Structures are given as C-alpha cells and as structure tokens.
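Line by line, the protein sequences are chains A and B.
Using this note's numbering, you'd call the opening residue of the first sequence number 65 and step up by one each time.
Using this note's numbering, you'd call the opening residue of the second sequence number 65 and step up by one each time.
Where a beta carbon is used, it is the ideal one built from N, C-alpha and C, also for glycine.
Just so we're clear, the structure is a prediction, and the values are computed from it rather than from any experiment.
All remarks here apply to the structure that follows.
Protein chains: 2
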Amino acid sequence: MEPQARPRRVTIVDVARHAQVSTTAVSKVLRNAYGASPEMRAKVRRAIDELGYRPNAGARGLRGQTYTIGVMLPDIRNPFFPEILDGVTGSLEDTEYQVLLGPGCNGEKAEARVTEAMIDRGMDGLVLIAPVSSRAHLERVAAAVPTVVVGRHGSSPVYDTVVDDDVEGAALVVAHLAGLGHRRIAHIEHHESDPTRLAEMPNARRSDGYRQAMRAHGLAEYIDVVSTSYTQEGGYRGARELLARPLRPTAVFAGADIVAMGVLEAVAEAGLSVPGDISVAGYDNTTFAALGPISLTSVDQAGHEIGRNAARLLLDRIADRRRPSAQVRLSPTLAPRRTTAPPPE
Amino acid sequence: MEPQARPRRVTIVDVARHAQVSTTAVSKVLRNAYGASPEMRAKVRRAIDELGYRPNAGARGLRGQTYTIGVMLPDIRNPFFPEILDGVTGSLEDTEYQVLLGPGCNGEKAEARVTEAMIDRGMDGLVLIAPVSSRAHLERVAAAVPTVVVGRHGSSPVYDTVVDDDVEGAALVVAHLAGLGHRRIAHIEHHESDPTRLAEMPNARRSDGYRQAMRAHGLAEYIDVVSTSYTQEGGYRGARELLARPLRPTAVFAGADIVAMGVLEAVAEAGLSVPGDISVAGYDNTTFAALGPISLTSVDQAGHEIGRNAARLLLDRIADRRRPSAQVRLSPTLAPRRTTAPPPE
DNA sequence: ATGCCAGTGGGTAACGTTCCCCAAAGGTGT
DNA sequence: ACACCTTTGGGGAACGTTACCCACTGGCAT
C-alpha cells in the first residue's frame, strides 16, 4: 500500500447509477422520506451496500442536517463529565446522530471559540456542560442552533436546561454529618464574584445550600465558609485555614471531590486522621472518590441521567425549534464512604 | 428574545457585496491565497469584521478543507489521554485548525464508527490514540485521510506514529525497585491474545520490558507475571493472587495506574502496609497518582510532548500526503513517590 | 510599435446533497 | 366519459465555498 492519491469517494450519483434510479430517489431512501416504494428502497439499499456508500455530512449540511451533535465540556480531566457524556451518547447511539466533543476549554474565550467552531461546522444541536460564558453568549449560541445547557441554574426562553439540585446535594451532606453528631461543619467554596454566575453556577448553589441546611439543623452559629477555588490546591489552602481555627471543625464539606483531595492532604500533613479526628465529604462522586485508598463520602449527581435528559431535550428541540423551553431538575443522592464518621469523644 | 426562526447566516456573497468585490476575492483573502493586493485584503477584512462573517466549514469541505482535526481516544476517563490532547490542541491553537474529539470508544466496532464519522465529516486529519482496531482498518482510514497513530508500536507506510518507549518505561520501574533492594518484583499485565496487538499494544511491550529488565538485573528467577486486565478490578484480582504466593513479592509493578489502585486496595485489605510491607508502582503518571493520599510511584510518558509531535506530523502530512511515513519514539521518565521504598528487613 | 510577464481581479463550473416542484400512472366516484 | 385524488419517480435549482481559468493593466525589454 503506497501513500498516494486515493480514489474518489463513492457519491450519491454513483449509487443512483448503480441502482438505475435518480439521485432524488436515493436521497429519499437515505432520509426515510416519503415517496419511495418498498421495492425502490430495497434496490437502493442494496446498491448502497454493494458500493459501500456513506453520505458526505458536509454536503448534507449545506441543504439539511449534518447529523452531528456537539458537546462542550469545560475540562475533560474532571471525572464527572464523562458520566454525562455517556448518558448523551448512549441515548444517541441508536439514532443517526454522531456526537463530537469540543476539546476541554476553560474560560469564556475558549468556550466562544469552541461554540463558534461547532456552529461553523453546521452541527444540528449543542450540549453545553457547565459553561462559564455570559448569559448573552449562551443565548446567541442558542439562537443559531438548538442548545441544551447542563449544570447551570437559571432558565432562558431560547435554550433548555438540565441541572442537578445543588442545594439539595449540600443539604444531604449536612444532614449526613449532623446525623453523625457533628456540629462544627465547615465548608470550602469556590470563590465567585460575577453576579450572574453567583446566581447560576452550581458552586454558588452548593454554598447557599450549605448555609440553609445548617440553619435548618439549628447549627447557624457554626456556619463557617472558606472561599478558595475548586482545585486540589484550593482544598489544601482552605483546609490549612480551617485547621488553624482555635476551635477547629470536626467535619469539612468540600464543594467538589478534587477539593476534598487537597483537604485530605492538609489533614494528613497536620498529623490528624480521617475520619478519626475529622470527617471529610466531597461532591460529584468522581471516579477516584470510589478508589479504595481514598473512599471519599461524596454526592452523586447521576450524571448518566443528566446526559440522557439533555439528549432527549435536544432531539425534541431539533424536531421543533419553537416549542417553549424546558427545565429539568434532578435530585442528587449521597454516597457515604469511609471518610465520614462520628466526631471524636 | 423569542424562540423563532433565526435570520439567514452571513455568507461570502454578503461579504463580497458589502466590500464591493467578487466572492473569489473574498475567498482568496480567507485562504491567504495568491492574487490579492494589500488594499484588497484590508477592504475585505473590514467587511468581514463589520458583518461578523464566519466561513461555513461544510461548504469549504466540499471543495477544499474543513480545517478540522479529529482526535479519537479510547476512553476519556483515563486521565493520561488529556495530556496528549493538550499537546495536540496547544500546537494547533494558533492555526486555523479546530480539534474535535470522538466520544470515548472502546472496542473495534466503536472505533470504526467514530473514524468513519470523522471521515464522513470531511476532517482534514485524524489522530488516533491507542486504537485497538486491526492494522487493516487503520490503513483503510489512513488511505482516506492523513492519520497519525499514537501509542501503538509497529509502523506502516500509510500513517505516521508517535509512541513512548514502553520497554524503557518498564525498565525504569524495575531499575528503581531493584535499586531499592527488591528482588521479588512481580508484574500485573493486561491479558492479550491477538497476535497483532501482542506485537503492537503498549501493554504487551511493558510486559516484555519487565521481563527483559528483570533478566538484565540478574533477577530472571524472580520473574512473576499475573495476567488480568488494565482495570481497578484486574489489579485487585492480580494482587490477591500475588499475595497468596507462599513467598509473596515485596514489590508489585502494575502495568497501569488504575491497576495499581486495585493493588493498593487488596494490600490494605490483607492488612499489609504500603510501602512498609510491599512497594507498588504504576504506569502513566495519571492525575490521581499525584494526589496526596495516594502518592503513587509511576512512569511519566510526557503526554504533552507526544501530542505536540502528533500534531506536527499531522500538519506535515496534510501539507504533503506522499512523503514517507515517520515514526517518533519518546522516552518516559520515572516519577518516584511514596508507594515505593526498600523492602522489609 | 510589439511581445511578454507579473500582478491583480473576476466569472463560472464544480463539490454532494436535499428540497421544491412537476409528470405519469393508476384508482375512485360521479 | 370525466374530474379528481394518491402514489411513485425524477428534473433541476439551490446551499456556500473554492479551483480553474481568463482578462485586464502597466512596466519593461526588444
């Protein structure tokens, strides 16, 4: 096999000629469109198989659809997103649609680049997972192509949303820890200043949910929030600060699993044991939370279900662009593991 | 903002009219093609900005390129692949090319679906990361579109390859453990029966490398390989088997980090300590290997560098499809952490 | 003057598909 | 006999872009 100019690809015209019908007829068969007899369909399908024909998506897109769904996720490294993705692809694998992902993009600029690239490529629908872009940008995207926004609170008439109830998730953690007997339950949040994000981003909701739940459990006076970032390092810094308190917390609710990793590190460094001296809980139930040596108590968001819903909403909207927008809210569950236990004494 | 039919998108014709030039001229400017004066370029670019024009990739693909590079990776969950991906996107971000990923696909069938979808969408080049498909399939893909195969040994005249030297990586681990004083160093490999894969897949090479290195260190008699799979559960099963040996190993070289997780779990369950009773090393230096509570000794493959090379080779080949194929081999390094130490006594 | 060339700009036919029509054939009800 | 449907098939014009060509202009050497 030599690296040389390949033969021309089989086109719809070749199929038509081979089956002795018109290209229009082939097109109808391809799209399961009205106006082709069963015999015609059989004949065309045979020709397609014999020639190994595959339609050119770009050319299709010029007139109709590209049968491509774009998924944008902020960070492939975050082990929570693959769950959602599986839900999306799983729902789509028996359809003609193909899912393509944008490369991980952090920041508004990268998001804009990816969303624009997807629109330029004529994608039929977009799933945006936990986007940080401004509402205006999201609405601009949604105006150009059917869009479902996942993991972001707040609704818009032009796009559908699927979110997990972060307030409830935070409440689950607080209830679990309070139930074990903890009172001094601290929280490490992701610092947020932008007002839109403060209202719409999951991290802000978790923080709110923590406060609400603490009050509901009569623990208002023990509310203690450290504001860093959803990174391992943020967890480490946050934990150091908490451990330096005159009366240190007996439990730490980290806003994300990766934050909990940093907390575990800081706690070990301080010579304290988990959960003997201090309990730690995360959020997202990422793959590594379940790893034996870690075994982190976490909140499970049912990513698969989120993805399934996103796919369903997207197909609905592709079918009818002017139906009113929908919001789906799912409930998280708690995955208790070995990092939480009753407080010392 | 109402959910209604959007306005027609700005096309090259609109730009041409607005700039009072021909569409050909606009096209030349877009492609930086020969035959447009500086003034023409300036005028056209102004019109493009004023109208917010963006070229339609599908239409471009019909005649020329789509400026899209497809990356296929077997599993988004494996935290090693994002490194490679970053290398690819990093090299491409100052070009006009946009990277799109296939959804994680395990198995030949899923790989075939994704590669075909990418070809159907007129992608200009493909990066296939650790594909499991038959050589014949890879060559068929490469015949249709410029292709770089990453993380698979064995070369082909029709595609370029970038691999990390897995034999060397295994040798690094054995040397490290032997240097610490270990003799009974066992290995957990991924079971492989297909002859092509036995020759080309990295896991088989690691296994080979382990044996070679053991012999080179005069430890031939201690060679001990358990054949399971590159999963956490495979590591668990493999470790259970090793721990049941009359003379159990003092060190376990797991063929992948995720395998090492299973090993750690089994070791903890057996009431043994790491690295006190037994040392454990992984492979890939995935993100969680570095997590504080785990701190796993592992082999780092310089994924970023792999990705950069793949992108470079791909652009080269897009520029000249008939140049001879190239093979790039990179060397891994060891990342020693807290799971390895001298053996007991 | 003439021929030639480089530089500049545009006209036009693809590329592969779908969508909007229209035509022919056959059936049904008067 | 007629008008009127329904079913089946195809012709041809888009869709947005680029590749291939040709035409014009000036400058320069003959």
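What's the call for residue i, buried or exposed, on a 16-neighbour Cβ count within 10 Å?
| i | result |
| --- | --- |
| K173/B | exposed |
| A200/A | exposed |
| S395/B | exposed |
| E264/A | buried |
| R270/A | buried |
| P38/B | Here chain B has residues from 65 to 409 only, and residue 38/B is not among them. |
| P339/B | buried |
| H240/B | buried |
| Q296/A | buried |
| L360/A | buried |
| V77/B | exposed |
| D184/A | buried |
| P310/B | exposed |
| G335/A | exposed |
| D384/A | exposed |
| R110/A | exposed |
| E175/A | buried |
Suppose you measure from the CA of residue i to the CA of residue j; what does that come to, to the nearest Å?
| i | j | result |
| --- | --- | --- |
| L262/B | V289/B | 15 angstroms |
| P400/B | L355/B | 13 angstroms |
| R402/A | S220/B | 50 angstroms |
| R118/B | S101/A | 41 angstroms |
| L378/A | R95/A | 19 angstroms |
| T179/A | V363/A | 30 angstroms |
| D224/A | I193/A | 12 angstroms |
| V212/B | R387/B | 13 angstroms |
| A284/A | T314/A | 16 angstroms |
| R393/A | E232/A | 11 angstroms |
| R73/B | A375/A | 26 angstroms |
| S91/A | V85/A | 11 angstroms |
| E157/A | R312/B | 46 angstroms |
| A268/A | V135/B | 34 angstroms |
| H255/B | G154/A | 28 angstroms |
| N120/A | L202/B | 20 angstroms |
| A69/A | R105/B | Only weak support exists for where A69/A lies, its pLDDT of 49 falling under 50; the coordinates are left without a value. |
Taking residue i as the reference, which of the options has the closest Cα?
| i | options | result |
| --- | --- | --- |
| L149/A | A181/A, T75/A, L190/A, G128/A | L190/A |
| R279/B | E329/B, A234/B, P119/B, T130/B | A234/B |
| E305/A | V363/A, T179/A, I370/A, A250/A | A250/A |
| Y161/A | A181/A, E285/A, I133/A, S271/A | I133/A |
| P406/A | H281/A, G215/A, D113/A, H246/A | H246/A |
| V238/B | G122/B, A277/B, E114/B | A277/B |
| V227/B | R385/B, D78/B, A390/B, G166/B | A390/B |
| D258/B | S198/B, L137/B, D184/B, F145/B | S198/B |
| V163/A | A106/A, P146/A, D348/A | P146/A |
| G186/B | P138/A, V196/A, T130/A | T130/A |
| A332/B | D321/B, A303/B, R248/B, D348/B | A303/B |
| R64/B | V93/B, V108/B, G99/B, E103/B | Only positions 65 to 409 of chain B appear in the structure, and residue 64/B is not among them; the question remains open. |
| E409/B | A334/B, L244/B, Q365/B, Y274/B | L244/B |
| F144/B | I358/B, R381/B, A383/B, N349/B | N349/B |
| D113/A | P138/A, M136/A, V79/A | V79/A |
| T351/A | A242/B, D229/B, H255/B, N142/B | N142/B |
| R275/A | R248/A, R301/A, T260/A, D380/A | R248/A |
| N170/A | D230/A, A208/A, I140/A | I140/A |
| A308/B | F317/B, P266/B, A330/B, V323/B | A330/B |
| L398/B | Q365/B, A176/B, R105/B | Q365/B |
| Y347/B | S337/B, E369/B, I370/B, D321/B | D321/B |
| F317/A | D229/A, T260/A, T404/A | T404/A |
| G215/B | T87/B, D272/B, D229/B | D229/B |
Does the separation of the CB atoms of residue i and residue j fall below 8 angstroms?
| i | j | result |
| --- | --- | --- |
| G151/A | R372/A | yes |
| I252/B | G299/B | yes |
| G218/A | G125/B | no |
| G319/B | Y286/B | no |
| L328/A | P357/B | yes |
| P195/B | R381/B | no |
Would the beta-carbon of residue i be found less than 7 angstroms away from any heavy atom of the ligand MN?
| i | result |
| --- | --- |
| L283/B | As for the ligand MN, it is missing from this structure, which has no ligand bound. |
Notebook entry, point to check: Taking any Cβ of chain A, which residues in the region 356-384 of chain B have a Cβ under 8 angstroms from it, in chain order?
Noted result: From the region 356-384 of chain B, only G356, P357, I358 have a Cβ closer than 8 angstroms to chain A.
Check: Any residues in the region 156-167 of chain A with a beta carbon nearer than 8 angstroms to a beta carbon of chain B? Which ones, in chain order?
Finding: Answer in chain order: Q162, V163, L164, L165, G166, P167.
Item checked: Residues from the region 333-359 of chain A in contact with chain B, defined by Cβ distance under 7 angstroms -> Of all residues in the region 333-359 of chain A, those with a C-beta nearer than 7 angstroms to a C-beta of chain B are T351, F352, L355, G356, P357, I358, reading in chain order.
Check: the region 187-216 of chain A: which residues have C-beta closer than 7 angstroms to a C-beta of chain B, in chain order?
Finding: Per Cβ criterion, the list reads E203, A207, A208.
Check: Looking at chain A, which residues of the region 221-237 of chain B have a Cβ within less than 8 angstroms of any of its Cβ atoms?
Finding: The region 221-237 of chain B vs chain A, Cβ under 8 angstroms: P221, V222.
Margin query: Against chain B, which members of the region 105-127 of chain A pass a CB distance test of less than 9 angstroms?
Written below: Taken in chain order, the members of the region 105-127 of chain A whose beta-carbon sits within less than 9 angstroms of a beta-carbon on chain B are R118, P119, N120, A121, G122, A123, R124, G125, L126.
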